[in-house]
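Residue numbers (this note's numbering): 1062 to 1239.
Structure first, then comments.
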Amino acid sequence: MASTSNNMFFKSAKTLNELVMRLGNQNYEEINIIIANAEKSKQIPQTNPFLVQDFIKKSINRHERIENMKFTRQGKIQFTTKNPICAVQLLTLEKFMGINVATDIIWENVCARILIFDIPTSTPLEELALEIEDKNDCIVVEMRWFLKLNSTKEISPVLITILEQLTRQDNLHQYQKQ
């Protein structure tokens, strides 16, 4: 699978499931998976939690690794786990209690975002991603320029999302392009 890239945006070539499986080598607090009705205009109906638990036990063989489940205000269900395999199993669900569903991950707790200033706009984002991954032993999930369309700026900031949790003690300067 090729990476998605244009002059404004870069997205990793790795699949969502592959990125989640790589979390096994990272430090993170939890993985949050969202399950929503495939029909965007409809919500997942709130039902008896014991029926949901029974369905999960039958569908997910690592169900004991699910730490929390809650219905959100947007009519979705959020599952919390610390196990990447359990997260991938949740992400592969196509039907949830007879309802066609779409699944996604909340990247907030497993990724770090870094804004790097003064990157030449002539630098391809794919090339920048490879350099960051090689020099810093991390996985770049996505990158985007902070640049207005048809802008003539020669230098612009880039927002980089990496598959790694950074702490305040981490030296963010290591990610600066040299």
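Glycine residues also receive a C-beta, built at the ideal position from the N, C-alpha and C atoms.
For residue j and residue i, the rounded distance between their alpha carbons
i	j	result
I1121	Q1139	15 Å
V1219	E1203	10 Å
E1194	F1071	14 Å
M1069	V1113	42 Å
V1162	T1222	26 Å
L1151	K1118	11 Å
I1200	I1167	17 Å
C1147	R1123	5 Å
Q1230	K1196	Residue placement at Q1230 is poorly supported in this model, since its pLDDT is 42, which falls under 50; the coordinates still yield a value, given next. Rounded to whole angstroms, Q1230 to K1196 spans 19 Å at the Cα level.
M1130	V1149	16 Å
F1111	E1188	50 Å
K1156	K1103	14 Å
N1109	T1133	15 Å
K1075	Q1087	16 Å
N1211	R1205	15 Å
T1184	D1198	21 Å
Contacting residues, own chain, Cβ-Cβ under 7 Å from residue i (five flanking each side not counted)
i	result
G1013	Given that the chain is displayed from residue 1062 to residue 1239, the structure contains no residue 1013 and the question cannot be resolved.
K1137	I1095, I1096, A1097, I1105
K1214	T1182, L1208
L1052	Outside the shown range of the chain (1062 to 1239) lies residue 1052, about which nothing can therefore be said.
Q1107	F1132
In DSSP terms, what residue i is bridged to
i	result
D1165	I1095
R1205	F1070, L1220
P1181	I1216
L1130	The residue you asked about is not Leu; residue 1130 is Met in the sequence shown. M1130 is bridged to F1140.
F1116	Bridge partners of F1116: none, in fact.
A1173	I1223
K1156	N1161
Buried or exposed (CB count within 10 angstroms, at least 16 for buried), residue i
i	result
E1225	buried
T1164	buried
T1142	buried
L1080	buried
L1186	buried
T1228	Low local confidence applies: a pLDDT of 49 at T1228 is under 50, so the model's placement there is unreliable, and no value is given.
CB contact flag (residue i, residue j, <9 Å)
i	j	result
I1180	I1216	yes
E1091	E1125	no
F1116	M1082	no
A1173	S1073	no
A1099	I1160	yes
Sequence-distant residues of the same chain with beta carbon closer than 8 Å to residue i, five excluded per side
i	result
N1170	Y1089, E1090, E1091, I1092, N1093, Q1226
N1078	V1149, L1152, T1153
Q1135	A1097, Q1104
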